[in-house]
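Participant: Below you will find the structure I want to go over with you.
Residue numbers (the working numbering), protein chains in the order written: chain L, 34 to 440; chain R, 34 to 440.
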């Protein structure tokens, strides 16, 4: 049921709008420009900027001559150290940590293998300890940290902050991630799906002009985050993006992992390794559930591919055919004009993939006139951790017209 | 870039909120209840209801005793005849017309075969003439008609009101549907994709509790409309929902229509007829591009299926297997908890399909704990035409928090 407008929220909303506009202008923005871009009156802009200055969220920078006539204008810039957020990405192979400032810049970064022998409680302790170490090492004032965002594999219960039973994390079932991390760190904790965090990270890493895109994450699993009309979509239970089972090749052989002929069977790291083993391209006998061992074989295969080994290149090209078929399903269904790819596997194979993917996808598009952009993540390999941190900044700082309506 | 709040829009927004609340309460709602459901003050509710009464949009109805103590309350009801909208659905086989009142009820209905021999201009004339006849026959005051909504097959340019080159409408290319129909009818015209209109129609036909669903349209084509978080999604170019090419059966035979093994090849009417011909279940030699002839064979096959003919039932069951595989792709990708099916083909095969579909879809869902509802359209066979009309009501009458932000 629709709700009436909430007058009491106007001031707070306009403050988030102005702060957002200042934050997005990397080199600063004048009050006159703020009036133009936000549509607010000069008086309102002046009052709110004064408040933001008082709260230390923004600073006044250079005076610049913006036109031939008229007096120079003082630029207002975000104070990057005014607020921070921490992001953690829990991948079956790797834990990635970032601390970002309110300008979205990574101030601190850490990475370690996900402890495999430990029960979930042990992993939670490892995460809490690393967060603590990162806070100390960075020298950031704890009171400026808005919270801790956690990107985790699905399925999960976002509202309760529970990991339900992620297929790749053996023995994890209904792990109370939010409550445990909050108890140990004292921080406000948000838990979200890895692909949703990655899509959010990508939105933050590149401003504007990315209103409709799918973020395809290639790591130990394959998943999709979807941004439509500038909104990160979440689905009925916040578990959007399960694309691994999409059938992409009816004639594929059974690899013994994932569904025969599926997107996952075409482009998971394990799938590449099994293909390499079957074709005699690697002598490694690593098992497909040894994430670290698989990772090492992938490193070797990519190294040889870029050295010109045709068999290794063929492995990547074959994966590209399957990936293109899966991406075409998403683009046709959702009418997207941009595909962004990222994740640990992507960062190894991206240069070859970007050569071949667009020409493989385009003939499969139903709306043939569409301009489709295919590109790698602007946020880089740590996009999910950065996105987890961005979820926290978004939660506290982004303007939402919905707050103008009564709760 | 975010924009500031627009104070001048508050009054208009609150009026749409109240009218929406009254419209959705089928039997009327008291001012006291309106305060509760909208969060507005009693004074604001009273003022706006007075304005709506003056404009003839609502009427006062019965006085009812809503609690043991306290005086009886006067119910406010929408005046159904205060506003109307017309909807047209252009299907390759059939043109469907509805005139609905502001309560969403169908007041007038018409249907005719899509003229096949005529160029697009001839079809536009047929539509304009039928709209005119319907307006006269219904006796509706023309000044109460908010506009004409057109649901058309994609791809289309919604902003310009152009049909680009729908594959099933031979010879149609860049048809200026909105401009032509506006010139002939004098009405405000909105053009949108058939599946988007159908999803909108379904939203209107059932209030509430349908926040995330896919509407799968089965007619001369197969397509999907998506509703997420109560919003009808549209995609980058308003051409969302192309699902016909999704691979659902790697082992399928080539039918000579659609992509081998695709969702379209599994459940289009032409596909059912070709399968029937190949299996000797029908003696008809109708060509698959004869929409009317195909339709007659489908009618015969369904009649025999419901009479107990196992070969005819098997045709529907096989289509259900393909359809289930396609729907599982959508549910897994978008994390939906509801699948709604409709369209002319669906209405013939629904009773058998509803028996078998849920059990075919569920084992394919990745988030296994999800409660998935599979059901037929509440809006019925004419859902796309009703949705086209509902697009007009939505456009003029639905509250949107985004209007509270400066343009």
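We treat Cβ as the ideally placed atom computed from N, Cα and C, and that holds for glycine.
(1) Quick check on DSSP: helix, strand or coil for residue 450 of chain L?
(2) When the Cα atoms are used, what is the spatial distance from residue 142 of chain R to residue 217 of chain R?
(3) Given a cut-off of 8 Å on the beta-carbon distance, is the pair residue 259 of chain L and residue 367 of chain L in contact?
(4) Looking at chain R, which residues of the region 274 to 289 of chain L have a Cβ within less than 9 Å of any of its Cβ atoms?
(5) Would you tell me roughly how many angstroms separate the C-alpha atoms of residue 131 of chain R and residue 406 of chain L, rounded to the nearest one?
(6) In the DSSP assignment, find the unbroken alpha helix (DSSP H) run with residue 84 of chain R in it and report its ends.
(7) Any beta carbon of chain R sitting closer than 8 Å to that of residue 238 of chain L?
(8) Is the CB of residue 125 of chain L under 8 Å away from at least one CB in chain R?
(9) Helix, strand or coil: which one does DSSP assign to residue 176 of chain L?
(10) Which of helix, strand or coil does DSSP assign to residue 355 of chain R?
(11) So which residues of chain R does residue 233 of chain L contact, with C-beta pairs closer than 7 Å?
(12) Taking the alpha-carbon positions, what's the residue 87 of chain R to residue 58 of chain L distance?
(13) Around the C-beta of residue 104 of chain L, are 16 or more other C-beta atoms found within 10 angstroms, so that it is buried, or is it exposed?
(14) Suppose contacts are defined by Cβ-Cβ distances below 8 Å. Is residue 117 of chain L in contact with residue 134 of chain L by that definition?
(15) With a threshold of 16 other CB atoms inside 10 Å of the CB of residue 410 of chain R, please say whether the residue is buried or exposed.
(16) Listed in chain order, which residues of the region 247 to 273 of chain R have Cβ atoms closer than 9 Å to some Cβ of chain L?
(17) Just to confirm, does residue 347 of chain R get its C-beta within under 7 Å of one of the non-hydrogen atoms of the ligand SAM?
(18) Nearest CA to the CA of residue 173 of chain R: which residue from R/185, R/114, R/413?
(19) Mind checking residue 296 of chain R: buried by the 16 CB within 10 Å criterion, or exposed?
(20) State buried or exposed for residue 192 of chain R, treating a residue as buried only when at least 16 other CB atoms are found within 10 Å of its CB.
(21) Step through the CB atoms of chain B and report whether any lies within less than 8 Å of the CB of residue 406 of chain L.
(22) Reducing DSSP to helix, strand and coil, say where residue 210 of chain R ends up.
(23) To test your reading of the DSSP string, which unbroken alpha helix (DSSP H) runs of 4 or more residues are found completely within the region 315 to 352 of chain R?
(24) With a cut-off of 8 Å, do at least 3 Cβ pairs link the region 407 to 426 of chain R to the region 370 to 389 of chain R?
(25) Pop quiz: residue 330 of chain L and residue 315 of chain L are said to be a contact at Cβ under 8 Å. What is the actual Cβ separation, rounded to whole angstroms?
(26) If we define contact as Cβ-Cβ less than 8 Å, is residue 368 of chain L a contact residue for chain R?
(27) For a contact meaning CB atoms closer than 9 Å, what does residue 332 of chain L contact in chain R?
(28) Grab the span of the beta strand (DSSP E) containing residue 261 of chain L for me, first residue to last.
(29) Quick check on this structure: which residue in R/324, R/317, R/256 has the alpha carbon closest to the alpha carbon of residue 146 of chain R?
(30) Kindly list, in the order they appear in chain R, the residues whose Cβ is closer than 9 Å to that of residue 80 of chain L.
(31) Quick one, which residues of the region 45 to 60 of chain L are near chain R if we go by CB-CB under 8 Å, in chain order?
(32) Judging by CA-CA distance, which residue of L/207, L/200, L/201 is the nearest neighbour of residue 194 of chain L?
(33) Out of curiosity, what's the CA-to-CA distance linking residue 341 of chain R and residue 385 of chain R?
(34) With distances taken from CA atoms, which of R/222, R/199, R/169 is nearest residue 179 of chain R?
(35) Return the Cβ separation of residue 160 of chain R and residue 196 of chain R in integer angstroms, given the expectation that the two are a contact with Cβ distance under 8 Å.
(36) Within 8 Å of any Cβ in chain R, is that where the Cβ of residue 107 of chain L sits?
Facilitator: Short version:
(1) This structure cannot speak to residue 450 of chain L, because chain L is shown only from 34 to 440.
(2) One C-alpha to the other measures close to 20 Å.
(3) Result yes, Cβ atoms of residue 259 of chain L and residue 367 of chain L sit closer than 8 Å.
(4) Close to chain R, meaning a Cβ-Cβ distance shorter than 9 Å, are the following residues of the region 274 to 289 of chain L: 274, 275, 276, 277, 278, 279, 280, 281, 282, 283, 284, 285.
(5) Residue 131 of chain R and residue 406 of chain L: Cα-Cα distance of roughly 40 Å.
(6) Counting along the chain, the alpha helix (DSSP H) containing residue 84 of chain R begins and ends at 75 to 87.
(7) No, its Cβ sits nowhere closer than 8 Å to a Cβ of chain R.
(8) For residue 125 of chain L, the answer is no, since every Cβ of chain R falls outside 8 Å of its Cβ.
(9) In the structure shown, residue 176 of chain L sits in a helix (DSSP, three-state: H, G or I).
(10) In the structure shown, residue 355 of chain R sits in a helix (DSSP, three-state: H, G or I).
(11) The CB of residue 233 of chain L never comes closer than 7 Å to any CB in chain R; the least such distance is about 16 Å.
(12) Cα-Cα distance, rounded: 48 Å.
(13) With fewer than 16 neighbouring CB atoms inside 10 Å of its own CB, residue 104 of chain L falls in the exposed class.
(14) For residue 117 of chain L and residue 134 of chain L, yes; Cβs fall inside 8 Å.
(15) That one is buried.
(16) Closer than 9 Å at the C-beta level to chain L, one finds these residues of the region 247 to 273 of chain R: 257, 259, 261, 262, 264, 266, 267, 268, 269, 270, 271, 272, 273.
(17) This structure does not include the ligand SAM; it has no bound ligands of any sort.
(18) Considering only R/185, R/114, R/413, the residue with the shortest C-alpha distance to residue 173 of chain R is R/114.
(19) By the 16-neighbour rule on beta-carbons within 10 angstroms, residue 296 of chain R is buried.
(20) Around the CB of residue 192 of chain R, fewer than 16 other CB atoms lie within 10 Å, so the residue is classed as exposed.
(21) The displayed structure is made up of protein chains L and R, and chain B is not among them.
(22) In this structure, DSSP gives residue 210 of chain R a helical state, which the three-state scheme calls helix.
(23) If only uninterrupted alpha helix (DSSP H) runs of at least 4 residues are considered, those enclosed by the region 315 to 352 of chain R are 324 to 339.
(24) The region 407 to 426 of chain R, when compared against the region 370 to 389 of chain R, does touch it at the 8 Å Cβ threshold.
(25) Yes, they are in contact, since the Cβ atoms of residue 330 of chain L and residue 315 of chain L sit about 6 Å apart, within 8 Å.
(26) Interface flag for residue 368 of chain L against chain R is set, since a Cβ pair is found closer than 8 Å.
(27) Near residue 332 of chain L there are no residues of chain R at all, since even the closest Cβ is about 29 Å away, more than 9 Å.
(28) Element bounds for residue 261 of chain L: 255 to 261.
(29) Residue 146 of chain R has its Cα closest to that of R/324, out of R/324, R/317, R/256.
(30) One finds nothing in chain R with a Cβ atom closer than 9 Å to the Cβ of residue 80 of chain L; even the nearest lies about 12 Å away.
(31) Here the close residues are 46, 47, 49, 50, 51, 53, 54, 57.
(32) Among L/207, L/200, L/201, the Cα nearest to that of residue 194 of chain L is on L/207.
(33) So the alpha carbons of these two residues sit roughly 11 Å apart.
(34) Checking every option, the nearest Cα to that of residue 179 of chain R belongs to R/222.
(35) At roughly 12 Å, the Cβ-Cβ gap does not stay under 8 Å, so residue 160 of chain R and residue 196 of chain R are not in contact.
(36) No Cβ of chain R is located within less than 8 Å of the beta carbon of residue 107 of chain L.
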